[in-house]
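J.: First the structure, then my questions, so here it is.
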Amino acid sequence: MQKKKVRKLLAMALTVGMVAGSLAGCGDTKANSDEVKEEPAAETKEPEAEESDAADASDTKTQDTADTGDLHEIYKLTERNALSGLVSPAMKDRKDIDKALPAEQKGNLTIGLSMGQMGSSFFTEMIDSATKAAGDYGYELVMLCADGNISKQSADVESMITAGYDAIILNPMDVTAAAADVKRAVEAGIPVIGAGVDFAEDVPVVTSILANNYFGGWESGLYMGDFFKDQHIKAAAILGMMGHTIDESRINGMIAGILYKRAEQQGNPYSCQEDAYLEANELFSELRDKGKFSSDKWDFEIVAQGQGDWTNEGGLAAAEDIIAGNSDINLIMAACDPMGAGAIKAIKNAGLTPGKDIYVACAADGGKEMFPYLESGEMLVTGYNSPNLNGSAAVDLIHMMFEEGYDASNLPAASDLPNGAITKENWKEYEDPDLQYCKVLPFEWKTIDQIREEAQSK
355 MQKKKVRKLL
365 AMALTVGMVA
375 GSLAGCGDTK
385 ANSDEVKEEP
395 AAETKEPEAE
405 ESDAADASDT
415 KTQDTADTGD
425 LHEIYKLTER
435 NALSGLVSPA
445 MKDRKDIDKA
455 LPAEQKGNLT
465 IGLSMGQMGS
475 SFFTEMIDSA
485 TKAAGDYGYE
495 LVMLCADGNI
505 SKQSADVESM
515 ITAGYDAIIL
525 NPMDVTAAAA
535 DVKRAVEAGI
545 PVIGAGVDFA
555 EDVPVVTSIL
565 ANNYFGGWES
575 GLYMGDFFKD
585 QHIKAAAILG
595 MMGHTIDESR
605 INGMIAGILY
615 KRAEQQGNPY
625 SCQEDAYLEA
635 NELFSELRDK
645 GKFSSDKWDF
655 EIVAQGQGDW
665 TNEGGLAAAE
675 DIIAGNSDIN
685 LIMAACDPMG
695 AGAIKAIKNA
705 GLTPGKDIYV
715 ACAADGGKEM
725 FPYLESGEML
735 VTGYNSPNLN
745 GSAAVDLIHM
755 MFEEGYDASN
765 LPAASDLPNG
775 AITKENWKEY
785 EDPDLQYCKV
795 LPFEWKTIDQ
805 IREEAQSK
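Mapping of the sequence shown onto this note's numbering: residues 355 to 812, in sequence order.
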């Protein structure tokens, strides 16, 4: 078997590397970010000519997996709420899906922005960024917020359809319920850009723009796994709301990253990352159902979980309740920065020291107010998630479609923005003194065809 042939087969399987960063089956895998600094496990390295027959056998298995199109069990799960961002490598073309793409070029657009909820500076920055981008192009942007009410958001979208807006940016409270709203808009001839949450491949959004929620958590989890090497982890989790796909996916990804590192440290690494995703998902399901889980195998337990409503005050209240009943925890895992900041305050209020008695780790968002916490060690890690890029990129795409003739017919269902673990060691690399959140990293739109061409050329 020639190594060059193996490389090409692997590349063809990686048609959604920018979306999920993973291969079918248990082949070569990579996390969804150039920021991940960990050494790859032995099984991810390409075999050299002098390597053992066992390595060649492993390559043969990878080749067979790519040839047959077999998928790992994680991609076959029908319950996907905690797996947002983890997309099957068997992604199909989306060219034939009617997305109400503009038939002719036009300017002076009116864009609707439907927000599922507000409550944090992240959403404020996202809206401000989208509004500024629209203004720069001479467009009008109208924002409506559903305040967490699914029915109200559906009504908001309906009002935009009735008003005949040119395009809609949809940040859904519930991605399943919002699919029907997308279809109604498209039937009315209005293209929809998703923001913050990925829709299923067959939902007729042009694409969804988001920092990959699962892999944002994954990267924070990898860092935690390294930090807590040879230590028992007794943790608590704070989600904005259990049942919300963003938060469930972030915490699920955190658990997976910790497990992946634990396996490496025990000298028995997973044969592929998907195995870590699957086992983490089982533990997360237990957390969802019982409010806790314990694993002797991984010397890791989550003893409590709370709802922080995505705010500083909510994180404070949730952490205070958790610490009152579990003062011996050594880690609080929060789905976003504001809840993490609230947890830090709760730790101090309890007479404990954050970054010593209890560590705080977040899956997102990289807000400027977190940098002092990172520098002091009071916060262990957070994830890159730029609201400025999330808001402006959607408007940029609408401009490209309506005024530059950009063909958006075969964009992936999810166009992932950059991810990265922001820590005490590297936070200065993410700082932009003019922004309330971390700096805007380079981003390039890529169609499914382009992704495949790049993969095949590697």
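Ideal Cβ positions, reconstructed from N, Cα and C, are used throughout, including at glycine.
Could you say if the stretch 557-569 and the stretch 542-549 meet the contact criterion of at least three C-beta pairs nearer than 8 Å?
T.: yes
J.: Does the distance from the C-beta atom of residue 716 to that of residue 696 stay below 8 Å?
T.: no
J.: Could you tell me which residues DSSP puts in a beta bridge with residue 791?
T.: Beta-bridge pairing links residue 791 to 721.
J.: Ordered along the chain, which non-local residues of its own chain (more than five positions away) have a Cβ less than 6 Å from that of residue 799?
T.: none
J.: If you reduce the DSSP assignment to three classes, tell me which class residue 819 lands in.
T.: The structure shown does not extend to residue 819, since the chain is modelled only from 355 through 812, so no value can be given for it.
J.: Run the CB neighbour count on residue 659, radius 10 Å, all protein chains shown included, and call it buried at 16 or more, exposed below.
T.: Flag for residue 659 reads buried.
J.: Going by the CB atoms, is the gap between residue 467 and residue 495 shorter than 8 Å?
T.: yes
J.: Between the beta-carbon of residue 674 and the beta-carbon of residue 700, is there less than 8 Å?
T.: Yes; because the gap between Cβ atoms is below 8 Å, this pair is in contact.
J.: Could you tell me the alpha carbon to alpha carbon distance between residue 757 and residue 465, rounded to whole angstroms?
T.: 14 Å
J.: Smallest Cα separation from residue 425: which of 437, 444 and 499?
T.: 444
J.: Is there contact here, the stretch 568-579 with the stretch 635-644, by at least three beta-carbon pairs under 8 Å?
T.: no
J.: Verify whether the separation of the beta carbon atoms of residue 606 and residue 589 is less than 8 Å.
T.: At least 8 Å separates the beta-carbon of residue 606 from that of residue 589.
J.: Compare the beta carbon distance of residue 469 and residue 509 with 8 Å and say whether it is the shorter of the two.
T.: Contact: no.
J.: Taking C-alpha atoms, which residue in 778, 679, 454 and 808 lies nearest to residue 724?
T.: Considering only alpha carbons, the answer is 778.
J.: Could you give the C-beta distance for residue 517 and residue 592, rounded to a whole number, given that I count them as a contact under 8 Å?
T.: Not confirmed; about 39 Å, so no contact.
J.: What's the C-alpha gap between residue 595 and residue 553?
T.: 19 Å
J.: Taking the alpha-carbon of residue 460 as reference, which of 432, 434, 493 and 541 has the nearest alpha-carbon?
T.: 493
J.: Residue ranges of each beta strand (DSSP E) run of no fewer than 3 residues wholly in the stretch 561-605, ordered along the chain?
T.: Within the stretch 561-605, the runs of beta strand (DSSP E) that reach at least 3 residues and sit entirely inside it are, in chain order, 561-565 and 587-593.
J.: Would you list the residues sitting across from residue 499 in a DSSP beta bridge?
T.: Beta-bridge analysis with DSSP links residue 499 to 469.
J.: Could you tell me the alpha carbon to alpha carbon distance between residue 520 and residue 427, rounded to whole angstroms?
T.: 41 Å
J.: Relative to the C-alpha of residue 804, which residue among 786, 788 and 764 is closest?
T.: 764
J.: Specify the secondary structure class of residue 797 as computed by DSSP and reduced to three states.
T.: Secondary structure of residue 797 (DSSP, three-state): coil.
J.: At 3 residues or longer, what runs of the beta strand (DSSP E) sit wholly inside the stretch 647-733?
T.: Complete beta strand (DSSP E) runs here, min 3: 647-649, 654-661, 685-688 and 713-716.
J.: Pull up the distance between the alpha-carbon of residue 776 and that of residue 731, whole angstroms please.
T.: Approximately 12 Å, taken between the alpha carbons.
J.: Compare the beta carbon distance of residue 435 and residue 770 with 8 Å and say whether it is the shorter of the two.
T.: Contact flag unset, no.
J.: Which residue comes first and which comes last in the beta strand (DSSP E) that contains residue 737?
T.: Taken as a continuous stretch (DSSP letters only), the beta strand (DSSP E) holding residue 737 covers 735-737.
J.: State buried or exposed for residue 394, treating a residue as buried only when at least 16 other CB atoms are found within 10 Å of its CB.
T.: Reliability of the predicted coordinates at residue 394 is poor, the pLDDT of 31 falling under 50, and the value obtained from them is presented with this limitation in mind. The residue in question, residue 394, is exposed, as its Cβ has fewer than 16 Cβ neighbours within 10 Å.
J.: Helix, strand or coil, according to DSSP, for residue 764 in the structure here?
T.: coil
J.: What are the residues that DSSP puts in a beta bridge with residue 546?
T.: 522
J.: Verify whether the separation of the beta carbon atoms of residue 568 and residue 437 is less than 8 Å.
T.: Going by C-beta atoms, residue 568 is nearer than 8 Å to residue 437.
J.: Go through its chain and collect everything with a Cβ distance to residue 793's Cβ below 8 Å, but skip five positions before and after it.
T.: Sequence-distant Cβ neighbours of residue 793 in its own chain, meaning closer than 8 Å and more than five residues away, are 740, 784, 785 and 786.
J.: Compare the C-alpha of residue 432 against each of 473, 453, 530 and 752 and name the closest.
T.: 530
J.: Under DSSP, the beta strand (DSSP E) around residue 777 begins and ends at which residues?
T.: 775-777
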